[in-house]
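Enquirer: Throughout the sequence shown, residue numbering follows full-length UniProt numbering, covering 1 to 461 in sequence.
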Amino acid sequence: MSFNVIEYLYYSSNNFSQSIFYRDHPIEITYGEFLSKVVYFSDYFSEVIEKVVAIDIERKDINMYSVFSAMWKNKNTIVPLISDWDDEYKERIINAVKADIRLNQDLSVYHIKHKVDRNDSVIIPAKTAYILFTSGSTGLPKGVPITHLALKHYIDNIYEELEIEKGIERLTNTFSPAFDLFYHDLFLSWKSASSITPVETKKIGQLLNKVENNKLTYWFSVPTLAQMLISLKPKSHQLSSLKVSLFCGELLRKHVVTSWAQISNCQKIFNLYGPTETTIACMISDVGIEGPPSLGRALGDMSYKTEHLSGNLYKLLLSGPQIFNGYIGTSKNSFVKIDGKVYYDTGDLVTILDGEVYFEGRIDRQTKIMGHRVDLQGLEEQLRVKNNNPLVFVVLYYDKNIDCNTGITIFYQPKNEGEIFDCGFIKNVKVKGIFCIESVPTLISGKVNYKKLELWAKNQI
Numbered sequence: 001m002s003f004n005v006i007e008y009l010y011y012s013s014n015n016f017s018q019s020i021f022y023r024d025h026p027i028e029i030t031y032g033e034f035l036s037k038v039v040y041f042s043d044y045f046s047e048v049i050e051k052v053v054a055i056d057i058e059r060k061d062i063n064m065y066s067v068f069s070a071m072w073k074n075k076n077t078i079v080p081l082i083s084d085w086d087d088e089y090k091e092r093i094i095n096a097v098k099a100d101i102r103l104n105q106d107l108s109v110y111h112i113k114h115k116v117d118r119n120d121s122v123i124i125p126a127k128t129a130y131i132l133f134t135s136g137s138t139g140l141p142k143g144v145p146i147t148h149l150a151l152k153h154y155i156d157n158i159y160e161e162l163e164i165e166k167g168i169e170r171l172t173n174t175f176s177p178a179f180d181l182f183y184h185d186l187f188l189s190w191k192s193a194s195s196i197t198p199v200e201t202k203k204i205g206q207l208l209n210k211v212e213n214n215k216l217t218y219w220f221s222v223p224t225l226a227q228m229l230i231s232l233k234p235k236s237h238q239l240s241s242l243k244v245s246l247f248c249g250e251l252l253r254k255h256v257v258t259s260w261a262q263i264s265n266c267q268k269i270f271n272l273y274g275p276t277e278t279t280i281a282c283m284i285s286d287v288g289i290e291g292p293p294s295l296g297r298a299l300g301d302m303s304y305k306t307e308h309l310s311g312n313l314y315k316l317l318l319s320g321p322q323i324f325n326g327y328i329g330t331s332k333n334s335f336v337k338i339d340g341k342v343y344y345d346t347g348d349l350v351t352i353l354d355g356e357v358y359f360e361g362r363i364d365r366q367t368k369i370m371g372h373r374v375d376l377q378g379l380e381e382q383l384r385v386k387n388n389n390p391l392v393f394v395v396l397y398y399d400k401n402i403d404c405n406t407g408i409t410i411f412y413q414p415k416n417e418g419e420i421f422d423c424g425f426i427k428n429v430k431v432k433g434i435f436c437i438e439s440v441p442t443l444i445s446g447k448v449n450y451k452k453l454e455l456w457a458k459n460q461i
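1) Measuring alpha carbon to alpha carbon, tell me which residue in Asp56, Lys73 and Leu208 is nearest Pro80.
2) Under the three-state reduction of DSSP, which class applies to His255: helix, strand or coil?
3) Are Tyr304 and Val350 closer than 7 Å when you measure CB to CB?
4) Straight-line CA distance for Gly139 to Lys90?
5) Can you give me the start and stop residues for the beta strand (DSSP E) that Asp286 sits inside?
6) Which residues does DSSP list as the beta-bridge partners of Lys145?
7) List the endpoints of the continuous alpha helix (DSSP H) containing Val122.
8) Going along the chain, which residues of its own chain have a beta-carbon closer than 7 Å to the beta-carbon of Val256, five neighbours each way excluded?
9) Please classify Gly407: does DSSP put it in a helix, a strand, or coil?
10) For Leu317, name the three-state secondary structure that DSSP assigns.
11) Between Asn312 and His148, is the Cβ-Cβ spacing less than 7 Å?
12) When burial is assigned at 16 or more other CB atoms within 10 Å of the CB, is Thr23 buried or exposed?
13) Use the C-beta contact count for Val357: other C-beta atoms within 10 angstroms, 16 or more gives buried, fewer gives exposed.
14) What does Trp219 pair with, by DSSP beta-bridge criteria?
15) Give the DSSP-derived three-state secondary structure of His153 in the structure shown.
16) If you draw a straight line from the C-alpha of Ala99 to the C-alpha of Ile131, how long is it?
17) Does Thr138 come out as helix, strand or coil in the three-state DSSP assignment?
18) Quick check on the burial criterion: 16 or more other C-beta atoms within 10 angstroms. Buried or exposed for Gln460?
19) Taking the runs of the beta strand (DSSP E) that are 3 residues or longer, which of them lie wholly in the segment 160–217?
20) Select from Glu454, Asn388 and Gly446 the residue whose C-alpha is nearest the C-alpha of Asp422.
21) Using C-beta distances below 8 Å, list every residue in its chain close to Phe182, excluding the 5 sequence neighbours before and after it, in chain order.
22) Beta carbon of Ser241: closer than 6 Å to some heavy atom of the ligand GDP?
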């Protein structure tokens, strides 16, 4: 079976040509107008066919969406390069994927980078929609190629789950093109003939105006962004247009759901789960405000298994048509075979209660300090509850003099001036520092940037 995500765009452009695709008040561009731009760029790059194309991204605007679409129309694989990344890092990514073309967003420069035989590669440009690089602890992060068919399985199933009415909904696009959730917004808008509104999360103060001015109806973000908006104490009318909210990328906590439901007009809130390697998301739950959100059910033909670790703690394994074919830039193998079926080892910890699966964090956030096992995420949760503050973060304290971790450092963004922070209940690990911060450092994905917090802890900011 062959498929290209551009088919979603053709459908909406042919059947809803006057519906708005790009909406950024006061700018509105219809599906018919957008397809014309895509065709223009496709013709402009008529010689760029079935290539791996690295694209420098400076901003999310109509040209960026058009160029991406043109690349897919021409059966290319895209590799987004973000302006915040340093040149050396970009070059390492370009070399890892053996890009054929590097394209600036202003279209002024593009040139051949590599000529390679891809017959034995996990990258087949006509079949691979994009390659993203996941965060790595050292060296070059791992490249994750995602196919058009994997995206089709996800988009078709999430569309059915959300029951979107064609041609009327207005979707946010809060994510960077280097983060896989960006492609949920884009392809779901095409599938449902909905509009999309680019949102820059670094401009948190303007975000509420974006929602209000464009009368957005579908919200999608990481929970951290929702927490930041909640802390701004928005007026009731600023988020009143929202009907449905989706969260993914981090642990979604009950208090975030409750607070978000109070400040928005959402009738439905969904919790999505899925590593980049499993194509955007592969599990979904309808979230109620009476309890912590579970991971819910697997989408479509996806399935999961749990591997028992200890007590009620398990490791989550995933299988199905959305699983990627292997990493680029590393020989790491994260696949396991059980009863003849291939599973992806997520490295995520879960618990099971009354048949429901609950996300508990990453295995790599379980660590030892001076011989004692410490759950950093569990400590965070206790501190947040104790201080009634969701913006509390815990990282290891590394003592370079003895070359080991000797305690923890705590960071928090206060809710009120003069707030007193309580960590006195922590007995089994030394608290090496407590720092009040003005804002939470985030990654390009919107997730909390723990590496920056670790650097601050190391330098004692």
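Built from N, CA and C at the ideal position, the CB exists for glycine as well.
From a predicted model like this one, the values you see are computed outputs, not experimental measurements.
Expert: Answer, in terms of the structure:
1) Residue numbering aside, residue 80 sits at position 80 when the sequence shown is read from its first letter. The shortest Cα separation from Pro80 among Asp56, Lys73 and Leu208 belongs to Asp56.
2) Here the question's residue 255 lines up with position 255 in the sequence shown. In the three-state DSSP reduction, His255 falls in the helix class (H, G or I).
3) Position 304 of the sequence shown holds residue 304. Position 350 of the sequence shown holds residue 350. Contact: no.
4) On the sequence shown, position 139 is the one that residue 139 refers to. On the sequence shown, position 90 is the one that residue 90 refers to. Note that Gly139 scores a pLDDT of 48, beneath 50, so its modelled location is shaky; the value from the coordinates is reported in the next line. Distance between the alpha carbons of Gly139 and Lys90: 13 Å.
5) Here residue 286 refers to the residue found at position 286 of the sequence shown. Judged by DSSP secondary structure, Asp286 falls within the beta strand (DSSP E) whose first and last residues are Met283 to Asp286.
6) Locating residue 145 in the sequence shown gives position 145, where the first residue counts as 1. According to the sequence displayed, residue 145 carries Pro and not Lys. In the DSSP output, where bridge partners are listed per residue, Pro145 has Ile131.
7) Here residue 122 is taken as the residue at index 122 of the sequence shown, counted from 1. It is not in any alpha helix (DSSP H) - Val122 carries neither H nor E in the DSSP assignment.
8) Taking the first residue of the sequence shown as 1, we reach residue 256 at position 256. Closer than 7 Å at Cβ, skipping near neighbours: Pro223, Ala226, Gln227 and Pro390.
9) Residue numbering aside, residue 407 sits at position 407 when the sequence shown is read from its first letter. Three-state result, Gly407: strand.
10) As a first step, residue 317 is located in the sequence shown; it is residue number 317 there, counting from the start. Leu317: strand per DSSP, three-state reduction.
11) Counting from 1 along the sequence shown, the entry for residue 312 is found at position 312. Counting from 1 along the sequence shown, the entry for residue 148 is found at position 148. Going by C-beta atoms, Asn312 is not nearer than 7 Å to His148.
12) Stepping through the sequence shown from its first residue, residue 23 is reached at position 23. A quick correction: the sequence has Arg, not Thr, at residue 23. So Arg23 counts as buried.
13) As a first step, residue 357 must be located in the sequence shown, where it is residue number 357. Buried, since its Cβ has 16 or more Cβ neighbours within 10 Å.
14) By 1-based counting over the sequence shown, the position of residue 219 is 219. Within the DSSP secondary-structure output, Trp219 pairs in a beta bridge with Ser245.
15) As a first step, residue 153 must be located in the sequence shown, where it is residue number 153. If DSSP states are grouped into helix, strand and coil, His153 belongs with the helices.
16) In the sequence shown, the residue the question calls residue 99 occupies position 99. In the sequence shown, the residue the question calls residue 131 occupies position 131. Each residue's Cα considered, the two are about 11 Å apart.
17) Against the sequence shown, residue 138 aligns to sequence position 138. For Thr138, the pLDDT reaches just 41, beneath the cut-off of 50, and the residue's location in the model is therefore unreliable, although a value from the coordinates is still provided. In the structure shown, Thr138 sits in coil (DSSP, three-state: anything other than H, G, I, E or B).
18) To locate residue 460, count along the sequence shown from 1; it is residue 460. By the Cβ-count criterion, Gln460 is exposed, with fewer than 16 other Cβ atoms from all chains shown falling within 10 Å of its own Cβ.
19) If we require 3 residues or more, the beta strand (DSSP E) runs fully inside the segment 160–217 come out as 170–173 and 195–198.
20) Taking the first residue of the sequence shown as 1, we reach residue 422 at position 422. Taking Asp422 as reference, the option from Glu454, Asn388 and Gly446 with the minimal CA-CA separation is Asn388.
21) As a first step, residue 182 must be located in the sequence shown, where it is residue number 182. So the list reads Asn173, Phe175 and Ser176, once near-sequence residues are dropped.
22) The ligand GDP is not among the ligands present in this structure, which contains no ligands whatsoever.
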